[in-house]
Structure formats: structure tokens, C-alpha cells
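Asks:
Protein chains: 2
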Amino acid sequence: MPPRQPSDLPRGKAAVPDVYTAMRASILDGEIAPGTRINIDAVARSLGVSQTPVREVLQRLEGDNLVVYNPGRGYSTTPLLDLPELRSLFEFRLLVEPWAARAAAVDRLANPAGTLEKELAGFRDAMKRSSKDLRQDLVAHDTRFHDAILAASGNPVVRHAFAQTHCHLHTFRLYPADVDGAITVAEHTAVREAIEACDPERAEAAMTTHIRNSFDRFAKAFDGELAPLEDSGPPRRRIVTG
Amino acid sequence: MPPRQPSDLPRGKAAVPDVYTAMRASILDGEIAPGTRINIDAVARSLGVSQTPVREVLQRLEGDNLVVYNPGRGYSTTPLLDLPELRSLFEFRLLVEPWAARAAAVDRLANPAGTLEKELAGFRDAMKRSSKDLRQDLVAHDTRFHDAILAASGNPVVRHAFAQTHCHLHTFRLYPADVDGAITVAEHTAVREAIEACDPERAEAAMTTHIRNSFDRFAKAFDGELAPLEDSGPPRRRIVTG
DNA sequence: AGCGCCAAAATCATATAGGAATCTGGTTAA
DNA sequence: TTAACCAGATTCCTATATGATTTTGGCGCT
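Taken in order, these protein sequences are the chains called X and E. In case it helps, the numbering used here puts the first sequence at residues 46 to 287. In case it helps, the numbering used here puts the second sequence at residues 46 to 287.
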């Protein structure tokens with residue numbers, strides 16, 4: 046390894062944002078294989094910064110569940126989701142997102158007109174552009190659409206808890222081809238229309254359908270290894286605040 | 046400010062864990078008033094370490110929602126929950142925890158015998174000891190009891206999402222006297238018995254009751270400023286995985 | 001008096017250095 | 001052959017120094 050020579054890099058200038066996006070993209074693209082250790086010094090050299098901001102970025106990525114930390118042994122990329130974890134993730138979505146869609150349809154004030162449509166338009170535009178990073182663009186718009194509904198639910202705690210799971214991010218990492226643009230647009234539109242029509246029942250149902258279908262599209266890729274989500278049992282009581 | 050003199054502190058020895066617990070306790074005890082900025086250098090001096098581990102700890106505390114970060118302007122302690130946020134927190138709990146109690150009652154295998162009883166015993170013991178940090182002890186046991194149920198639900202994603210809200214921590218920070226030991230033990234026992242009897246309906250209902258009562262105990266302290274949580278509307282479909 | 005501007009101080013954010021722990025490989029003993 | 005052990009090298013983790021940024025106090029101007 047070549048000796049470290051005095052750097053002429055600027056000091057005290059914000060480097061973290063760039064390092065963060067670079068490392069995040071590296072992990073999502075699989076440049077750093079899932080489950081392998083990350084050499085802080087190597088990353089710092091390749092990005093042309095010192096170890097300090099790299100360590101800070103790794104701590105933030107730990108919050109995204111993209112890396113795991115072992116004291117004294119450094120950071121590794123998290124392994125890909127296995128099948129039970131993927132199922133748990135969709136189960137969580139089924140618990141939270143239909144509830145949020147219902148709440149958004151009830152509380153129309155929290156849902157400024159055009160917000161959802163704007164995200165849908167972004168999704169459609171990205172599909173037409175079909176850029177080099179099409180998949181990443183679509184996932185970003187998908188994420189924002191769902192977050193907009195969580196925001197419209199009026200419950201910041203639920204929204205934050207959902208955002209922190211980074212479900213789209215991990216889904217994308219596991220199987221990038223999940224996004225089937227045309228079908229996704231149609232299902233999103235159904236959710237949007239129900240919310241804007243202030244129809245809580247239909248909004249909740251549309252969201253449930255969307256999540257189930259998304260899971261099924263996934264399951265096909267796993268060739269029967271993934272049993273479909275079931276829906277059964279006695280009805281639950283609804284939870285609403287006055 | 047006195048000039049910094051060369052320190053005789055050991056280098057390369059792990060200091061983060063101690064700094065983390067110290068700063069966390071400081072914030073919870075209110076030594077650093079909610080909503081005020083944190084001077085990294087001052088903290089480093091008072092704890093006898095350098096700024097680097099303090100920054101690392103602050104980034105971890107940001108994940109606990111105990112501090113917030115403004116780029117270029119450093120870290121501040123998060124302000125206390127206001128009433129809408131507290132309501133949102135309990136709304137989230139009503140969404141997740143009764144679901145988890147039901148799942149734990151269904152999937153008896155994920156709930157090893159004695160796990161819940163052990164946490165209850167710890168709670169009772171802490172009450173008898175009535176140590177100096179009684180409230181903190183009770184909150185810790187309460188947190189672990191609820192986490193045990195989330196763990197028994199068999200869904201690690203939901204468990205993690207719930208844990209990351211640190212609801213007990215923020216509740217405790219807002220109003221330490223919430224914990225009414227005897228009543229809490231009784232309500233916890235009802236939940237435990239329903240789960241161990243494999244009675245999903247009763248488990249879900251017991252948990253719902255416990256959370257509502259806990260919220261009501263809070264509301265009393267706010268002297269009518271906090272309207273009770275309502276429970277109404279059409280039944281929801283249950284979500285289960287096969 | 002009130003508002004805007006400028007220098008000085010405080011504070012943040014990163015670079016570099018060095019101590020402590022961990023990992024690697026090669027050797028020896030069972 | 002396998003397992004244990006022990007340098008050497010690698011890597012982590014913290015300390016310190018310094019550039020960049022923000023905040024503060026004071027001055028002059030309107």
C-alpha cells in the first residue's frame with residue numbers, strides 16, 4: 046500500500062452529503078456485495094476524502110439498515126432480505142398503509158389537492174424518459190407516492206416509523222425488476238381517486254390490493270418459494286382518534 | 046475558555062459506549078433542557094474525551110430522536126412531545142400493539158414459556174425496591190415487556206419499527222409520573238394470561254384496554270387538554286399471513 | 001431609536017497522527 | 001492431519017490540528 050502523502054484537500058468543507066449518496070448508490074447497485082465488510086480506509090481513498098466523514102456516513106447508513114456495525118470489527122453491508130423477512134416487510138405494509146390510506150381519505154384537509162397527482166406524474170414521466178437509471182428513478186417516485194399518503198394520514202409518528210423501514214429501498218435491492226410501471230400506475234391511480242373522493246373504504250381496499258399485488262409480482266420471481274399472503278379471520282375493530 | 050492542554054487520555058480505546066449512556070441519561074433527566082443546542086466541545090471536555098466520539102454518539106442519539114441535526118448548525122436536543130404528537134404516538138401504539146398481541150396469542154411457538162412472566166416479575170421487584178431511579182427502572186421493565194410481545198408476534202420488521210419509535214422513552218421524558226405501578230401490573234397480567242391461553246381476541250382486547258387506559262392516565266395530568274382516544278366506525282378486516 | 005454591515009469570537013466539520021485491537025500467515029507441537 | 005500459537009500487517013478508534021462556517025457584539029448610517 047502506498048504511503049499516505051499530505052493531501053491538498055480542503056478542510057472543513059461539507060463532504061458528507063456527496064459521500065452519502067455515493068456509498069448508498071454503491072450498496073444499492075451491488076458494487077459492494079451484500080454481507081461483505083467495508084474497509085473504511087479504502088473507501089476514503091477512492092472517494093478522495095479522509096476517514097472521518099466516511100465513518101459518519103456509515104453511521105447514517107446503519108440507520109437505513111444498509112450496513113451493520115460490529116464493535117471492534119467495523120462495518121459490513123447488510124445481507125439481502127431472505128424470504129421470511131420479505132414477508133414480514135409486506136405484512137408490516139399491510140398493517141400500516143391501508144390504515145393510512147383510510148385516514149387520508151377521512152381527513153381531506155391534510156391532503157392538499159394535487160400532491161398525489163404530482164407524484165404520479167413524476168412516475169409517468171420517468172417511465173417515458175427511460176433513462177439509464179430508470180429503475181432507481183421509478184423506485185424513488187414510488188417511495189414518494191407512498192410517503193405522500195403516509196403524510197396525508199396526519200400521523201407523523203406512523204409516517205416516520207414507516208419511512209424508517211425503507212421498504213422500497215430494500216425491496217429494490219433484493220429484486221430490482223419488481224417495478225412494473227404500467228400496472229403500478231394503475232393501482233396508484235385507484236388509491237388516489239379513492240382518497241380524493243373521500244371514500245375511506247375504497248381507499249383502504251385499493252391500497253390493500255396494491256400491496257398484495259406487489260407482493261404477488263415478487264412471488265412469481267421466486268417461483269413458488271413464496272406462498273401468497275393470506276387474508277382471513279374475524280374482523281378487527283377500527284382505530285380512530287377524535 | 047482555558048487553552049486545551051495535551052491530554053493523557055488513552056488513544057484507540059473504546060469510549061463510545063460510556064459517552065452514549067452518559068449523554069442519554071443527561072437528556073432524559075433534563076440536565077440539558079429540551080430544545081437547546083449542544084456544544085460538542087463542552088460535552089467532550091466535561092466527559093474527558095475528544096470531540097470525535099461525542100459526534101459519533103450524537104449521530105446515534107439522532108436515531109433515537111433525542112437530538113436533531115441542522116447541517117452547519119450542529120445538534121440540539123429535541124423538544125418535548127406536544128399534545129398532537131403524544132396522541133399520534135398512542136394512535137401508532139393502538140395500530141401496532143394489539144395486532145402484535147393477537148399474533149403472539151396465535152403463534153404460541155414464538156412465545157417461549159416464562160418470557161413475559163419474567164419481565165412482569167422484574168417490574169414488581171423494581172416496585173418493591175423503590176430505588177432512587179425507580180421511575181427509570183419501571184420504564185425500562187415496561188419497555189421490555191412490550192418489546193417481548195412484539196418479539197413474540199413473529200414479525201421482526203414490526204418489532205424493529207416499534208422499537209425505533211422509543212415510545213416509552215419519549216413518554217417518560219414528557220411526564221415521568223405516568224407509571225402507576227399497581228395498575229400497570231394488573232393490565233400487563235391480563236395481556237400475558239390471554240396470550241398464554243392462546244386467546245387472540247382477548248389478547249388484542251387486553252392490549253387495547255391497556256394502551257387506552259395508559260393514555261387516559263396521561264390525559265388526567267393535562268387537565269382536560271387531551272381529549273380521549275375514540276374507538277368507532279366499521280370493523281376492519283384482519284391481516285394475517287399463512 | 002432602529003436597521004444593516006463588519007470584524008472577532010465561537011463553533012462546526014474535516015484532515016492527519018498514533019495507540020489499541022483484530023486479522024493473517026506461517027510455524028510448531030500433539 | 002489438525003489444532004494451537006505467535007509475529008507482522010492490517011484495520012479500527014480516538015486524539016489533535018486546522019480550515020470553513022456561523023454567531024455575536026459593536027459601529028456607523030438612515
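Virtual Cβ for every residue (Gly too), placed ideally from N, Cα, C.
For a quick check, are the C-beta atoms of X:Q288 and E:Q104 less than 8 Å apart?
Replies: In the structure as shown, chain X begins at 46 and stops at 287. Residue 288 of chain X is therefore absent and cannot be evaluated.
Asks: Smallest Cα separation from X:I228: which of X:E107, X:R169, X:V113 and X:A193?
Replies: That would be X:R169, whose Cα lies nearest to the Cα of X:I228.
Asks: Going by DSSP in three states, E:G226 sits in which element: helix, strand or coil?
Replies: In the structure shown, E:G226 sits in a helix (DSSP, three-state: H, G or I).
Asks: Which complete alpha helix (DSSP H) runs does the segment 66-136 of chain E hold, if anything under 4 residues is left out?
Replies: DSSP runs (the alpha helix (DSSP H)) wholly in the segment 66-136 of chain E: 85-92 and 96-108.
Asks: Would you tell me roughly how many angstroms separate the C-alpha atoms of X:V113 and E:A197, rounded to the nearest one?
Replies: Distance between the alpha carbons of X:V113 and E:A197 is about 24 Å.
Asks: Three-state secondary structure (DSSP) at X:S198?
Replies: Coil at X:S198, not helix or strand.
Asks: Show which residues of chain X have a CB atom less than 8 Å away from the CB atom of E:P201.
Replies: Chain X residues near E:P201: E130 and S133.
Asks: Near X:H215, what residues of its chain come up, given a Cβ to Cβ distance below 6 Å and the 5 sequence neighbours on each side ignored?
Replies: Closer than 6 Å at Cβ, skipping near neighbours: L126.
Asks: Output yes if chain X places a C-beta closer than 8 Å to the C-beta of E:R262; else output no.
Replies: Chain X contact via Cβ: absent.
Asks: Alpha carbons only, please: which of E:P201, E:I72, E:A193 and E:A231 is nearest the one belonging to E:S259?
Replies: E:S259 has its Cα closest to that of E:A231, out of E:P201, E:I72, E:A193 and E:A231.
Asks: Between the alpha carbons of X:D74 and X:V61, how many angstroms are there, rounded?
Replies: Cα-Cα distance, rounded: 20 Å.
Asks: How long is the line joining the alpha carbons of X:C212 and X:L134, rounded to whole angstroms?
Replies: When rounded, the distance between both Cα atoms is 7 Å.
Asks: Just checking, does the segment 137-148 of chain X make contact with the segment 245-265 of chain X on the three C-beta pairs under 8 Å criterion?
Replies: The answer is yes - the segment 245-265 of chain X touches the segment 137-148 of chain X, with three or more Cβ pairs under 8 Å.
Asks: Check whether the Cβ atoms of E:D192 and E:A208 sit closer than 8 Å, and answer yes or no.
Replies: Yes. Within cutoff.
Asks: Let me know if E:E136 comes out buried or exposed under the rule of 16 or more other beta-carbons within 10 Å of its beta-carbon.
Replies: The residue in question, E:E136, is buried, as its Cβ has 16 or more Cβ neighbours within 10 Å.
Asks: Just the chain E side, please: which residues come within less than 7 Å of X:G108 by C-beta, in chain order?
Replies: Chain E residues near X:G108: G108.
Asks: How many whole angstroms separate the CB atoms of E:G119 and E:R82, which I take to be in contact at a CB cut-off of 8 Å?
Replies: Contact holds; Cβ gap of about 6 Å.
Asks: Straight-line CA distance for E:I194 to E:D182?
Replies: When rounded, the distance between both Cα atoms is 19 Å.
Asks: Does chain E have any CB closer than 8 Å to the CB of X:A166?
Replies: So, not an interface residue.
Asks: Decide if X:L165 is buried, meaning its Cβ has at least 16 other Cβ atoms within 10 Å, or exposed.
Replies: When all chains shown are included, X:L165 counts as buried.
Asks: Any idea if X:N115 is buried or exposed, counting beta-carbon neighbours within 10 angstroms, 16 or more meaning buried?
Replies: Classification for X:N115: exposed.
Asks: I'd like the span of the alpha helix (DSSP H) that includes E:C212, first residue to last.
Replies: It spans C212 to L219 - the alpha helix (DSSP H) in which E:C212 sits, taken as one unbroken run.
Asks: Please state whether the Cβ-Cβ distance between X:P124 and X:G93 is less than 8 Å.
Replies: No.
Asks: For E:Q209, which residues in chain X fall below 8 Å Cβ to Cβ?
Replies: Within 8 Å Cβ-Cβ: A206 and Q209.
Asks: Could you give the first and the last residue of the continuous alpha helix (DSSP H) run that contains X:D170?
Replies: First-last of the alpha helix (DSSP H) with X:D170: T160 to R174.
Asks: From E:G117 to E:G108, what distance separates their C-alpha atoms?
Replies: The alpha-carbon atoms of E:G117 and E:G108 are separated by roughly 19 Å.
Asks: I want to verify the contact list: residues of chain X whose CB lies under 8 Å from the CB of E:V88, in sequence order.
Replies: Near E:V88 there are no residues of chain X at all, since even the closest Cβ is about 17 Å away, more than 8 Å.
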